[in-house]
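Asker:
Protein chains in written order, with this note's numbering: chain A, 1 to 326; chain B, 1001 to 1326.
(1) Quick one, which of 263/A, 45/A, 38/A, 289/A has its alpha-carbon nearest residue 362/A's?
(2) Run the CB neighbour count on residue 1207/B, radius 10 Å, all protein chains shown included, and call it buried at 16 or more, exposed below.
(3) Compute the beta-carbon to beta-carbon distance between residue 1298/B and residue 1324/B, rounded to the nearest angstrom, for a pair I have assumed lies under 8 angstroms.
(4) When you compare the CB of residue 1012/B with every CB in chain A, is at least one pair closer than 8 angstroms?
(5) How many Å lie between residue 141/A and residue 204/A at the Cα?
(6) Along the alpha helix (DSSP H) that carries residue 1280/B, what are the first and last residues, could you check?
(7) Considering only residues of the same chain and omitting the five flanking positions on each side of residue 1247/B, which have a CB-CB separation below 6 angstroms?
(8) Would you mind stating whether residue 59/A and residue 315/A have Cβ atoms separated by less than 8 angstroms?
(9) Helix, strand or coil: how does DSSP classify residue 222/A here?
(10) Excluding five sequence neighbours on each side, which residues of the same chain lie with their C-beta closer than 8 angstroms to the C-beta of residue 136/A?
(11) Could you pull the DSSP bridge partners for residue 1161/B from this structure?
(12) Would you identify the three-state DSSP class for residue 1023/B, choosing helix, strand or coil?
(13) So what's residue 1188/B in DSSP terms, helix, strand or just coil?
(14) For the stretch 42 to 65 of chain A, which residues have a beta carbon sitting closer than 8 angstroms to at least one beta carbon of chain B?
(15) Which word fits residue 109/A, buried or exposed, when buried means at least 16 other C-beta atoms lie within 10 angstroms of its C-beta?
(16) How about residue 281/A and residue 188/A: do their beta carbons lie closer than 8 angstroms?
(17) First and last residue of the beta strand (DSSP E) that includes residue 136/A?
(18) Cβ closer than 7 angstroms: which chain B residues qualify as neighbours of residue 98/A?
(19) Reducing DSSP to helix, strand and coil, say where residue 78/A ends up.
(20) Using only the alpha-carbon positions, how far apart do residue 1319/B and residue 1307/B sit?
(21) Can you name the residues of chain A whose CB is closer than 9 angstroms to the CB of residue 1315/B?
(22) So, at 6 angstroms on beta carbons, what are the nonlocal neighbours of residue 1150/B in its own chain, with the 5 sequence-adjacent residues on each side left out?
(23) Helix or strand or just coil, what does DSSP make of residue 48/A?
(24) List the residues of chain E whose Cβ lies closer than 8 angstroms to the Cβ of residue 1087/B, in chain order.
(25) Does the Cβ-Cβ distance between residue 242/A and residue 211/A come in under 8 angstroms?
(26) Check whether chain A comes within 8 angstroms of residue 1095/B, counting only Cβ atoms and requiring the distance to be less than that.
(27) Got a sec: which bits of the stretch 1016 to 1040 of chain B sit with their beta carbon under 9 angstroms from any beta carbon on chain A, in order along the chain?
(28) Output needed for residue 125/A: all residues of its chain with C-beta closer than 8 angstroms, excluding positions within five of it in sequence on either side, in chain order.
(29) Taking CB distances under 8 angstroms as the criterion, tell me whether residue 1077/B reaches chain A.
(30) Might you give, ordered along the chain, the residues of its own chain that have their beta carbon closer than 7 angstroms to the beta carbon of residue 143/A, omitting 5 neighbours on each side?
(31) Grab me the residues of residue 1225/B's own chain with a C-beta within less than 8 angstroms of its C-beta, minus the 5 sequence neighbours each way, in chain order.
(32) Any Cβ of chain B within less than 8 angstroms of the Cβ of residue 83/A?
(33) Tell me which residues share the same chain as residue 1038/B and place their Cβ nearer than 6 angstroms to its Cβ, disregarding the 5 neighbours each side in the sequence.
(34) Restricting to Cα atoms, I'd like to know which of 265/A, 285/A, 259/A, 209/A is closest to residue 251/A.
(35) Could you tell me whether the Cβ of residue 92/A comes closer than 8 angstroms to any Cβ of chain B?
(36) Note down, in chain order, each residue of its chain lying with its Cβ closer than 8 angstroms to the Cβ of residue 162/A, except the 5 sequence neighbours on either side.
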């Protein structure tokens, strides 16, 4: 096995976020499921945007957010994902490269526009996401360069990639290429409803291909169709080498074989929870690929999540290296 | 004189801001003048964007920011300004309308793109602005509908409109139409360097057409080419009915005839000073057109400025009515 020249290669949807504040009645009137992620088409996106309040645009995408945070922590990071050759695509490409992430995927020419996620932030800081996948639906196996995969210690995949049909093949291909090269595969379950839409595929992928799993409580319970967290933890322990389970203000639990580590959340003034899980995974993977302990990886995750939820938007605004004391 | 159906009609450059953090060495290496606004062309904008860190996009423009804040305070507000028929133009139009502002100006078809301002925020929260005017340079007299002007209690103009050449005629035409309809004209000096570029025109416009003047210390000193603030205050007192002079953490001074009101700043954690003056003017004009006292108008200004500098970006994030206790 050759020396890795990247610590983390993220593969995910390349999305620009449009964040706006909205109260609970706005969500209720439109049947939007608070705290979740819904897929919408171009027409729905236009109608919702028209009804929304003033917005702030910021590059997003779950794994792309993680990549930006991990690069800020000093990890060597790459990202594969599909934008269009348009204004928002330029914004996405600028932002991820400016964060220090290697981003080789060619933009889509003359098709759907760059994906956007209309994010409604509630007064209690919860976010409700409405994603128009746009150009992301064309991301496929051809966009996964096995040479890029083979040079990263860990590839990191988002469960959201199960939604665009072509990306599912890319997902499997990337995992096979990583394992063939002796590398590790990390997966985020992304969203409880996304797990519900693709449960059988997720169950198989977790068992067969996942070395490091990220999930929050709702996602883990959805995966195993149980309401018993302890039972779900017992099951995930037998299926993956490492599972990092996030529990909002209760912190996180890391299970690895017989070992269990409880990690406290870092207290902060919560402004917007968008990107909390992404930032946790970034901190965890940056520490883990640096060779730090699982408990320390959990601490880095908590520190990163606290930074991202303390302001509007999913990308970090502070000096992340200084925050983790690295 | 008919009853006004708008409280404030703003006329200004229609700009989308791209905010990014940058340290002093980044500014120094590029000869950027910290705290100021520089005009850049399309090529310079591309080069600077490439060198900048990850950005956050948010609708901007000095008077447009004021309009959004004033509408949030319950004032009836309109805005005239030129965007292009492109993605950023759509963002600008969405955001100002979603803020509750009437925005009738037709977008430019097939010319320059929507204006953008690349804003570098320093670790000490100061902002350095680099503006590519794009479609704004085509805003002219034809875009100033006298009927819109005549229906507003106050029209509010930004000094920055002296930069795009066609806008200067629009500026004069709007003031004449307002006074012909018995309305008031408010002006922001915008920027000390902008005042320096167009000093003679500013001096004449302040004397001949301005009822309410907004300026910070540096702008006022530049207008009268003096280093003596007291002397500048004495002069402005003779030239305009009301001058609201902002002094950062020292608060503001309002002079009106023989009267002088000192207004304290509202203490806050300063994150980004972008839009502080715009928000102050919004608070002041919203209170003034509501018939409140000058001292109370100053207090509204201070409250609004404090909200806007407490977070990244120039548009408000809080419930402004609640903040002023209105």
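Glycine is no exception: its CB is placed at the ideal position from the N, C-alpha and C atoms.
Answerer: Considering the structure as presented:
(1) Any property of residue 362/A remains undetermined from this structure, which presents chain A solely from 1 to 326.
(2) Looking at its Cβ environment, which holds fewer than 16 other Cβ atoms inside 10 Å, residue 1207/B is exposed.
(3) The pair is not a contact, with the Cβ atoms about 12 angstroms apart (cut-off 8 angstroms).
(4) No, residue 1012/B does not count as interfacial toward chain A.
(5) If I take the Cα positions, the gap works out to 19 angstroms.
(6) For residue 1280/B, the enclosing alpha helix (DSSP H) stretches over residues 1276 to 1289.
(7) 1217, listed in sequence order.
(8) Contact: yes.
(9) Residue 222/A carries a helical assignment under DSSP once its states are collapsed to helix, strand and coil.
(10) If we look at residue 136/A and ignore the five residues flanking it on each side, its Cβ neighbours are 13, 14, 15, 81, 82, 115, 164, 167.
(11) Beta-bridge partners of residue 1161/B (DSSP): none assigned.
(12) Reduced to three states, the DSSP call for residue 1023/B is coil.
(13) Residue state for residue 1188/B is assigned as strand, using DSSP reduced to three classes.
(14) When C-beta distances to chain B are compared with 8 angstroms, the residues of the stretch 42 to 65 of chain A below that value are 49, 50, 52, 53, 54, 55, 56, 57, 58, 59, in chain order.
(15) With a 10 Å radius around the Cβ and a threshold of 16 neighbouring Cβ atoms, residue 109/A comes out exposed.
(16) The answer is yes: Cβ separation under 8 angstroms.
(17) Segment: none, residue 136/A is in no beta strand (DSSP E) and carries neither H nor E.
(18) At a C-beta separation below 7 angstroms, residue 98/A has these neighbours in chain B: 1052, 1053, 1054.
(19) The DSSP-derived three-state label of residue 78/A is strand.
(20) Rounded to whole angstroms, residue 1319/B to residue 1307/B spans 10 angstroms at the Cα level.
(21) Within chain A, the residues near residue 1315/B are 54, 56.
(22) Contacts found: 1181.
(23) In the structure shown, the three-state DSSP call for residue 48/A is helix.
(24) The displayed structure is made up of protein chains A and B, and chain E is not among them.
(25) Against a cut-off of 8 angstroms, the Cβ pair of residue 211/A and residue 242/A comes out as a contact.
(26) Yes, residue 1095/B counts as interfacial toward chain A.
(27) Answer set for the stretch 1016 to 1040 of chain B: 1016, 1018, 1020, 1021.
(28) Within the same chain, residue 125/A has close Cβ partners 270, 271, 272, 273, 309.
(29) Residue 1077/B does not count as touching chain A.
(30) If we look at residue 143/A and ignore the five residues flanking it on each side, its Cβ neighbours are 80, 82, 105, 170.
(31) For residue 1225/B, the CB contacts under 8 angstroms within the same chain, skipping 5 residues up- and downstream, are 1199 in chain order.
(32) So, not an interface residue.
(33) Once the five neighbours on either side are set aside, the close Cβ partners of residue 1038/B are 1130.
(34) The shortest Cα separation from residue 251/A among 265/A, 285/A, 259/A, 209/A belongs to 265/A.
(35) No, its Cβ sits nowhere closer than 8 angstroms to a Cβ of chain B.
(36) Around residue 162/A: 168, 171, 194, 197, 198, 201, 202.
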